[in-house]
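Below: one structure, written as structure tokens.
Number of protein chains: 2
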Amino acid sequence: MKRTILIYSLAIAAAALVLQWIEYQYTVRVFSTEIYIGLIALLFTSLGVWVGYKLTHRSAAAPFERNAQALEYLGITEREIEVLELLAEGRSNKEIGEELFVSPNTVKTHLAHLYDKLDVSRRTQAIQKARSLNILP
Amino acid sequence: MKRTILIYSLAIAAAALVLQWIEYQYTVRVFSTEIYIGLIALLFTSLGVWVGYKLTHRSAAAPFERNAQALEYLGITEREIEVLELLAEGRSNKEIGEELFVSPNTVKTHLAHLYDKLDVSRRTQAIQKARSLNILP
DNA sequence: GGCAGAATCATCCGTTCGGGTGATGCGCGC
DNA sequence: GCGCGCATCACCCGAACGGATGATTCTGCC
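Taken in sequence, the protein lines are chains A and B.
Here the numbering used here is used: the first residue of the first sequence is 138, the next is one more, and so on.
Here the numbering used here is used: the first residue of the second sequence is 138, the next is one more, and so on.
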């Protein structure tokens with residue numbers, strides 16, 4: 138992150154130097170100071186928009202970090218998470234069982250434990266709750 | 138939106154005028170052009186960051202804009218959306234019926250239509266698909 | 001006036017889920 | 001070695017859900 142800021146700072150400095158050079162070229166020309174200032178303003182405003190976009194979208198586009206504290210606190214196991222993820226994808230118990238190479242009965246057991254730990258009673262509620270706890274994206 | 142852009146443009150123009158005035162004050166002073174340019178760059182970059190932040194976060198922090206095109210295209214009705222929203226909150230058909238003052242049978246009918254339009258066969262799939270279509274937040 | 005789409009409700013039937021209970025095996029720690 | 005937690009599986013039962021079909025009412029549109 139500090140490296141990123143450094144790079145952006147250097148880029149801005151470089152742009153400033155370029156602008157300064159351009160200034161020396163153009164002050165002897167016919168353009169008025171207003172136009173000159175406007176161009177600088179426009180360019181650096183665009184630069185700022187770009188920088189701001191990069192900065193804000195770096196955190197917004199994060200690959201989603203699972204809330205480990207919640208999992209720890211609720212005592213949710215690895216296997217239960219796998220079931221939960223497939224659950225959120227809209228699979229049936231049978232399909233989940235096939236995906237994880239276990240019987241639907243086992244899936245039911247995992248789900249029952251999940252319902253217990255999440256304090257819900259339906260799969261749709263489990264999805265909603267898990268999402269609100271940042272256990273699911 | 139157009140009004141917003143206009144306001145920002147005017148703000149930038151005003152800032153440019155201010156800067157120009159400052160320039161006339163300072164060119165007779167001791168400061169070198171490098172410092173002057175640097176200040177302009179810094180100020181307008183900050184302005185750009187602010188504008189960019191406002192622009193991106195206006196859409197990101199919006200109360201969620203429903204994908205009207207998808208609804209139109211799929212032919213999903215107002216009532217079906219209401220059912221869909223309660224569905225995503227994990228309610229049962231009976232609870233949804235009570236919430237909307239209709240019988241569970243009616244809810245079932247609406248859901249059947251939704252499954253048809255969303256091309257799914259389970260409520261969890263409906264939630265997932267609706268979310269991916271930006272019909273649900 | 002009639003037609004199309006919507007919202008409402010119902011019944012039947014089969015599948016899926018959820019709750020409860022019990023059982024087995026495996027690994028880990030005291 | 002014994003207990004504990006985890007994962008696995010099974011059975012039962014009742015509730016919830018999904019699919020299909022049909023009916024009624026109302027509204028908007030041609």
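Ideal Cβ positions, reconstructed from N, Cα and C, are used throughout, including at glycine.
*Are the beta-carbon atoms belonging to residue 251 (chain A) and residue 264 (chain A) less than 8 Å from one another?*
Translated into the one-based positions of the first sequence, residue 251 (chain A) becomes position 114. Translated into the one-based positions of the first sequence, residue 264 (chain A) becomes position 127. Not a contact, by the Cβ cut-off of 8 Å.
*If you draw a straight line from the alpha carbon of residue 234 (chain B) to that of residue 218 (chain B), how long is it in whole angstroms?*
The residue you call residue 234 (chain B) lines up with position 97 of the second sequence. The residue you call residue 218 (chain B) lines up with position 81 of the second sequence. If I take the Cα positions, the gap works out to 14 Å.
*Can you tell me the Cα-Cα spacing of residue 255 (chain B) and residue 221 (chain A), whole angstroms?*
Reading the second sequence from its first residue, position 118 is the one you call residue 255 (chain B). Reading the first sequence from its first residue, position 84 is the one you call residue 221 (chain A). Those two C-alpha atoms are separated by around 22 Å.
*residue 244 (chain A) touches chain B at which residues, Cβ-Cβ below 8 Å?*
Here residue 244 (chain A) refers to the residue found at position 107 of the first sequence. Under the 8 Å cutoff, chain B gives no residues; its nearest Cβ is about 14 Å from residue 244 (chain A).
*Look up residue 253 (chain B) in the DSSP assignment and say whether it is helix, strand or coil.*
For the purposes of this step, residue 253 (chain B) is taken as residue 116 along the second sequence, with counting starting at 1. It is helical.
*Exposed or buried, residue 242 (chain A), counting other C-beta atoms within 10 Å across all chains shown (16 or more means buried)?*
Position 105 of the first sequence holds residue 242 (chain A). Result: exposed.
*Partner residues on chain A for residue 275 (chain B), Cβ-Cβ distance less than 9 Å*: Within the shown structure, residues of chain B are numbered from 138 to 274, placing residue 275 (chain B) beyond reach of any answer.
*From residue 259 (chain B) to residue 227 (chain A), what distance separates their C-alpha atoms?*
In the second sequence, residue 259 (chain B) corresponds to position 122, counting from 1. In the first sequence, residue 227 (chain A) corresponds to position 90, counting from 1. For residue 259 (chain B) and residue 227 (chain A), the distance between alpha carbons rounds to 7 Å.
_Interface residues of chain A facing residue 265 (chain B) [CB-CB closer than 9 Å]_ = Numbered from its first residue, the second sequence carries residue 265 (chain B) at position 128. Going along chain A in sequence order, the residues near residue 265 (chain B) (Cβ under 9 Å) are 225, 226, 227, 264.
*Give every residue of the same chain whose Cβ lies closer than 7 Å to the Cβ of residue 266 (chain B), excluding the five residues on either side of it in the sequence, and list them in chain order.*
Counted from its first residue, the second sequence places residue 266 (chain B) at position 129. Closer than 7 Å at the Cβ level, and outside the excluded window around residue 266 (chain B), lie 255, 257.
*Reducing DSSP to helix, strand and coil, say where residue 240 (chain B) ends up.*
Residue 240 (chain B) sits at position 103 when you count from the first residue of the second sequence. If DSSP states are grouped into helix, strand and coil, residue 240 (chain B) belongs with coil.
*Is residue 220 (chain B) close to chain A, meaning its C-beta is less than 8 Å from at least one C-beta of that chain?*
Sequence index remark: in the second sequence, residue 220 (chain B) carries index 83 (1-based). No - not a single Cβ of chain A is within 8 Å of the one on residue 220 (chain B).
*Under the three-state reduction of DSSP, which class applies to residue 246 (chain A): helix, strand or coil?*
Position 109 of the first sequence, counting from 1, holds the residue named residue 246 (chain A). For residue 246 (chain A), the secondary structure class from DSSP, reduced to helix, strand or coil, is helix.
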